[in-house]
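Peer 1:
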Amino acid sequence: MGVLDKIRANHTGRLALKIGIGVLGSLVIALGIVLIPFPGPGWAIVILGLAIWAVEFTWAKNLLEFTKRNVKAWTSWIGRQSLPMRGLIGIVGMVFVAAIVWASVRVSFGIDLIEKTRGWLS
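To convert, count from 1 in the sequence shown and add 49; that's my numbering.
1. Apart from the five residues on each side of it in sequence, which residues of its chain come closer than 7 Å, Cβ to Cβ, to V154?
2. Starting from the C-beta of A100, find all residues in its chain whose C-beta is less than 7 Å away, skip the five residues before and the five after it, and write them out in chain order.
3. So, at 7 Å on beta carbons, what are the nonlocal neighbours of L80 in its own chain, with the 5 sequence-adjacent residues on each side left out?
4. Taking the alpha helix (DSSP H) that S171 falls in, what are its first and last residues?
5. Out of curiosity, what's the CA-to-CA distance linking G69 and V83?
6. For T124, I'd like the list of residues in its chain whose CB is within less than 7 Å of its CB, leaving aside the five on either flank, ordered along the chain.
7. Are there 16 or more other CB atoms within 10 angstroms of the CB of V77, so buried, or fewer, so exposed?
8. The alpha helix (DSSP H) that contains E105, what's its start and end?
9. Straight-line CA distance for K67 to H60?
10. Does DSSP put I85 in a helix, in a strand, or in coil?
11. So, G91 versus G74, is the Cβ gap smaller than 8 Å?
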């Protein structure tokens, strides 16, 4: 019998585990959502939070499996594309990330990075 099974053995433990997993998963997912617009592991952190929820919630386990299937399908599809197509997809991805970073900095701090860059270049 594992640790989680021992905790689930009584009503109080089962409830405490659900609440603890729910809160921890929510905090990790919230952190990931905040980090999504920035370069780095935002989506990976969101998926980690989903994996935490999947320990206790069936719907989260199903959503995690759905996510895994689609990420594998996407990476498999990318791998089958020609090098120029992969390059184009990469460039589109970088432009998208740059636009999100620009918009996030503009909205959050009121700084227009394009204007700042033009000022530095001239």
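Beta carbons: idealized from backbone N, C-alpha and C, even for Gly.
Peer 2: Judging by the given coordinates:
1. Only I160 and L162 meet the Cβ criterion.
2. Excluding sequence positions up to five before and after A100, its CB lies within less than 7 Å of the CB of L113, all in the same chain and listed in chain order.
3. Closer than 7 Å at the Cβ level, and outside the excluded window around L80, lie I94.
4. First-last for S171: undefined, no H or E at that position.
5. Distance between G69 and V83, taken at the CA atoms: about 21 Å.
6. Closer than 7 Å at Cβ, skipping near neighbours: no residue.
7. When all chains shown are included, V77 counts as buried.
8. Element bounds for E105: n/a, residue is neither H nor E.
9. The straight-line gap from Cα to Cα measures roughly 11 Å.
10. Reduced to three states, the DSSP call for I85 is coil.
11. No.
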